[in-house]
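Colleague: Just passing along the structure, written as structure tokens.
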Amino acid sequence: MTDPLLSVQNLSKSYGALRVTQDVSLDVHEGRIHAIIGPNGAGKTTLISQLSGQLRPDGGRVLYGGRDITRLDMAGRVRLGLARSFQLTTLLPGFSALENVALAVQAREGSSFRFLRPAAAEQALNDQAMACLADVGLSDRAHRLAGSLSHGEKRQLELAVALATQPRLLLLDEPLAGTGHEEAAHLVDLFARLKDRVTMVLIEHDMNAVFALADTVSVLVYGRIVASGSPSDVRADPQVRAAYLGEEAAPC
Amino acid sequence: MTDLTQTLARPRARLAGRLKLALCLFAVLAVVPPLAHAAGEPFLIVVATRMMVFAIAALSLDLILGYGAMVSFGHAAYLGLGAYAVAILSRAGIDDLVLQLLAAMAASALFAAVTGAISLRTRGVYFIMITLAFGQMAFFFFVSFSTLGGDDGVALPARSTVLGLPLLEGAQGMFYATLALLVAVFAGLYRLTLSRFGRVLTGTRESALRMQAIGFRPFPYQLTAYVIAGCLCSVAGVLLANQAIYVSPAYMSWHRSGEMIVMLVLGGVGSLTGAMAGALVTIALEEGLARFSDHWRLGFGLVLVAVALFSPGGLSGLLRRLGLVRDAT
Ligand SMILES: Nc1ncnc2c1ncn2[C@@H]1O[C@H](COP(=O)(O)OP(=O)(O)OP(=O)(O)O)[C@@H](O)[C@H]1O
Ligand SMILES: [Mg+2]
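Below, the structure written as structure tokens:
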């Protein structure tokens, strides 16, 4: 098998006595969707934050494309193609949806030390931003302020911004939470289409989506990976059923 | 709510609204000298000049405080650096305004680059404290500068010349030179806030985390804005020295820095037209209230309390709510 795109080795992180990440190791291969599921407070967001560079782990390493990026900051990782979407939306509320996305395009295209030309008039930025908005189904909201969008639309915009960085690996923290039924279906469809271009780490509570999309599923409980494997294996794992799926087993 | 956000999002309408009010202000200012003469109150020209000088200073502070969310409590240092550049150069026999402006901006850029690089390592109230500390450092440096009068300051032999011509000699020349520089600073900052750089700066104000998550490291942009603001404020300092024909460390005291923040709060933080209006109104009130009573500060305080209570967005917020303008410039 080829080398993994992302390799997490013995990662650990504690908040005081609380061990949020305990000796987590996992490999994510190019072109795959690797889902991470687990109960509330299991440490999923904390794990993603360490992968994206927002948080420093206490121990362990993160390798990306064979390179050790454990000490690289978030902006540096984004430039290498490692983008994330946030569980709690982190948008620029006073910017329009289009401007939010165009800024992400601007980050990777050309210098931002340009002082006189109005950025809003840069057709190249706007065109690429509009394409990303169309991808997530937000074209008709382009000129709305991000702060005035509905909760579900903000989730879609989060995703459009992440896509605008042209990621090779996308870390998705509950992208479907708070979206309506139709929007969720649209996004699941989008992830399936994106799979050829973008590798994904997907955290999601919607089990139907997880089992429809994921190639690999890892189960995180109390900061520890208790099971990892193909969706059907994980679903059958008695430990997993007891620890996590028990309460949601019905639909599966 | 929906109506407002839709209007806000229409870029063209937004630009037009932004500029119109500022242009009106400039037009009104341009006719102050003839009107003051006609009214037999030439003293008003001097007052208006001071108002515009502080409008330049407030505009420069708005770039970092309003657009960059960097609350500097030491911005008056650049007013002082500009003023002392005039004093030092004229003592060395260099009277040309352009050379003095260049020297003031170079000195300010250096001071801002060094102190900004250190201050920007901190956040929030620590940033306020450390910029205050650097401002006081500059203040005490000039207080102890005895060859330039120390605490008492020093009178200048004459106003600066422009290409050898004594254009600033009369109150009117001084007034129009200040107005020209005010318009230039406003126009420059207006363009800048809409540029790529301006977007990064305002984006960082809204969410530094988001900016990092799309690949920006805010520090170089914030430092650049800090340096630009320092340079522009020193222009106001050069004009202040010329207007008063006198230079003193009092220009850079922390009271001045605080007063500049008050101007922004009064006019509306993060709005260029608001910053300008806030400065004009503050100085006008100072001069006006000082005529009526020695206790004018009390009156000014009451005005500020009223603004804080009834119009959190300052003057520009008030106009917006009255429907006179549609956005924050
Ligand atoms: N900054 C922090 N300081 C202290 N404890 C924290 C901090 N951030 C998270 N925690 C704790 O760490 C644990 C894991 O949090 P995390 O947000 O990673 O969980 P999660 O799996 O993403 O949960 P959810 O499904 O609710 O999103 C929780 O118990 C949380 O209270
Ligand atoms: Mg979470």
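So the sequence lines, in the order shown, correspond to chains A and B. Position 116, counted from 1, in the first sequence is what our numbering calls 116; the numbers after and before it change by one each time, with no gaps. Position 214, counted from 1, in the second sequence is what our numbering calls 214; the numbers after and before it change by one each time, with no gaps. Quick reminder that beta carbons are idealized off the backbone N, C-alpha and C, glycines included. Computed from a predicted model, the values in this text were never measured in an experiment.
#1: Give me the chain B residues within the contact set of G94 (chain A), using Cβ-Cβ distance strictly less than 8 angstroms, ordered along the chain.
#2: Rank B:G116, B:L25, B:L156, B:L315 by C-alpha distance to the C-alpha of I94 (chain B) and give the top, closest one.
#3: Using 10 angstroms around the beta-carbon of S316 (chain B), count the other beta-carbons present and answer buried if the total reaches 16, otherwise exposed.
#4: Compute the beta-carbon to beta-carbon distance between K44 (chain A) and I36 (chain A), rounded to the nearest angstrom, for a pair I have assumed lies under 8 angstroms.
#5: Who's in the neighbourhood of ligand 1, going by beta-carbon under 5 angstroms from any heavy atom, listed in chain order?
#6: Any heavy atom of ligand 2 closer than 7 angstroms to the CB of Q156 (chain A)?
#7: Indicate the three-state DSSP secondary structure (helix, strand or coil) for I94 (chain B) in the structure shown.
#8: Could you please give the first and the last residue of the uninterrupted beta strand (DSSP E) stretch that includes L171 (chain A)?
#9: Suppose you measure from the CA of N40 (chain A) to the CA of D23 (chain A); what does that come to, to the nearest Å?
#10: Measuring alpha carbon to alpha carbon, tell me which residue in A:E183, A:T2, A:D237 is nearest S150 (chain A).
#11: Could you tell me which chain B residues have their CB closer than 7 angstroms to the CB of M298 (chain A), listed as they occur along the chain?
#12: Between E174 (chain A) and D73 (chain A), what straight-line distance do the alpha-carbon atoms span, to the nearest angstrom?
#13: Among B:G40, B:T49, B:P33, which one has its Cα closest to the Cα of A284 (chain B)?
#14: So, with DSSP's three-state summary, where would you put L80 (chain A)?
#15: When DSSP labels each residue in this structure, what does V154 (chain B) get in the three-state scheme?
#16: Taking beta-carbon pairs under 8 angstroms, can you tell me which members of the segment 296-316 of chain B lie near chain A?
#17: How close, in whole Å, do the beta carbons of G278 (chain B) and G314 (chain B) come, if the pair is a contact with beta carbons under 8 angstroms?
#18: Tell me whether D173 (chain A), by its Cβ, gets closer than 7 angstroms to a heavy atom of ligand 2.
#19: Here's a check: name, in chain order, each residue in its chain whose Cβ is nearer than 6 angstroms to the Cβ of A229 (chain B), leaving out the five neighbours to either side.
#20: Would T45 (chain A) count as contacting chain D if we go by Cβ distances under 8 angstroms?
#21: Check each residue of the segment 108-124 of chain A: if its Cβ is closer than 7 angstroms to any Cβ of chain B, include it; give the result in chain order.
#22: Can you tell me where the beta strand (DSSP E) with N10 (chain A) in it begins and where it stops?
#23: Going along the chain, which unbroken runs of the alpha helix (DSSP H) with 4 or more residues stay wholly within the segment 55-114 of chain A?
#24: Looking at Q87 (chain A) and ligand 2, is the gap between the Cβ and the nearest heavy atom below 7 angstroms?
#25: In chain order, what residues of the same chain have a beta carbon less than 8 angstroms from the beta carbon of F86 (chain A), not counting five sequence neighbours either side?
#26: Short of 8 angstroms in beta carbon distance, which residues of its chain neighbour A134 (chain A), apart from the five on each side in sequence? Order them along the chain.
#27: Starting from the Cα of V210 (chain A), find the closest Cα among A:A185, A:R61, A:E109 and give me that residue.
#28: Out of B:F43, B:I130, B:A87, B:Q100, which has the shortest C-alpha to C-alpha gap to V162 (chain B)?
#29: Hey, is the segment 195-202 of chain B in contact with the segment 127-146 of chain B, meaning 3+ C-beta pairs nearer than 8 angstroms?
#30: Does the beta carbon of S60 (chain B) sit closer than 8 angstroms to a beta carbon anywhere in chain A?
#31: Grab me the residues of Q50 (chain A)'s own chain with a C-beta within less than 8 angstroms of its C-beta, minus the 5 sequence neighbours each way, in chain order.
#32: Between L103 (chain A) and I214 (chain B), is the Cβ-Cβ spacing less than 8 angstroms?
#33: Name the residue from A:A212, A:A164, A:G147, A:H143 whose alpha carbon lies nearest to the alpha carbon of A124 (chain A).
#34: Use the C-beta contact count for M1 (chain B): other C-beta atoms within 10 angstroms, 16 or more gives buried, fewer gives exposed.
#35: Determine the chain B residues that contact V161 (chain A) at a beta-carbon separation under 9 angstroms, and present them in chain order.
#36: Out of B:G80, B:A92, B:Y226, B:A117, which one is the CA nearest neighbour of A104 (chain B)?
Modeller: Once the coordinates are examined:
#1: Near G94 (chain A) (Cβ distances below 8 angstroms), the residues of chain B are T202, E206.
#2: Sorting B:G116, B:L25, B:L156, B:L315 by C-alpha distance to the C-alpha of I94 (chain B) places B:L156 at the top.
#3: A residue is called buried once 16 or more other Cβ atoms fall within 10 Å of its Cβ, and S316 (chain B) is buried on that count.
#4: The C-beta distance from K44 (chain A) to I36 (chain A) rounds to 6 angstroms, short enough to meet the 8 angstroms contact threshold.
#5: Ordered along the chain, the selected set is A:Y15, A:V20, A:N40, A:G41, A:A42, A:G43, A:K44, A:T45, A:T46.
#6: Distances from the CB of Q156 (chain A) to the heavy atoms of ligand 2 are all 7 angstroms or more.
#7: DSSP, read as helix, strand or coil, puts I94 (chain B) in coil.
#8: First-last of the beta strand (DSSP E) with L171 (chain A): 169-173.
#9: One C-alpha to the other measures close to 19 angstroms.
#10: The candidate whose alpha carbon is nearest that of S150 (chain A) is A:E183.
#11: The question about residue 298 (chain A) has no answer here: the residues shown for chain A are numbered 1 through 252.
#12: Answer to the nearest angstrom: the Cα atoms are 23 angstroms apart.
#13: Closest by alpha carbon: B:T49.
#14: Three-state DSSP puts L80 (chain A) in coil, outside helix and strand.
#15: In this structure, V154 (chain B) counts as strand in the three-state DSSP scheme.
#16: In summary, no residue of the segment 296-316 of chain B has a CB separated from any CB of chain A by less than 8 angstroms.
#17: The C-beta distance from G278 (chain B) to G314 (chain B) rounds to 6 angstroms, short enough to meet the 8 angstroms contact threshold.
#18: Yes; taking the cut-off as 7 angstroms, the Cβ of D173 (chain A) has a heavy atom of ligand 2 nearer than that.
#19: Cβ-Cβ distances below 6 angstroms link A229 (chain B) to S60, L63, I64 in the same chain, with the five nearest sequence neighbours on each side left out; the list follows chain order.
#20: Absent here is chain D; the protein component of the structure consists of chains A and B.
#21: Those residues of the segment 108-124 of chain A placed with their C-beta closer than 7 angstroms to a C-beta in chain B are R108, S112, F113, R114, F115, L116, R117, P118, A119, A120, ordered along the chain.
#22: Unbroken beta strand (DSSP E) run through N10 (chain A): 6-15.
#23: Whole alpha helix (DSSP H) segments, 4+ residues: 74-79, 97-108.
#24: Q87 (chain A) Cβ: within cutoff of ligand 2.
#25: Hits under 8 angstroms: E158, D173.
#26: Scanning its chain for C-beta atoms nearer than 8 angstroms, with the 5 sequence neighbours on each side dropped, one finds no residue around A134 (chain A).
#27: Here the closest residue by C-alpha is A:A185.
#28: Between V162 (chain B) and the set B:F43, B:I130, B:A87, B:Q100, the nearest pair of CA atoms involves B:Q100.
#29: With the cut-off at 8 angstroms, the segment 195-202 of chain B and the segment 127-146 of chain B do not touch.
#30: By this cut-off, S60 (chain B) is not an interface position.
#31: Excluding sequence positions up to five before and after Q50 (chain A), its CB lies within less than 8 angstroms of the CB of L11, K13, T21, R56, P57, V62, all in the same chain and listed in chain order.
#32: Remark: C-beta atoms of L103 (chain A) and I214 (chain B) approach each other more closely than 8 angstroms.
#33: Ranking A:A212, A:A164, A:G147, A:H143 by Cα distance to A124 (chain A) puts A:A164 first.
#34: Bear in mind that the predicted position of M1 (chain B) carries a pLDDT of just 36, short of 50, making it unreliable; the figure below should be weighed with that in mind. M1 (chain B) is exposed by the Cβ-count criterion.
#35: Simply R210, A213, I214.
#36: When only C-alpha atoms are compared, the closest one is B:G80.
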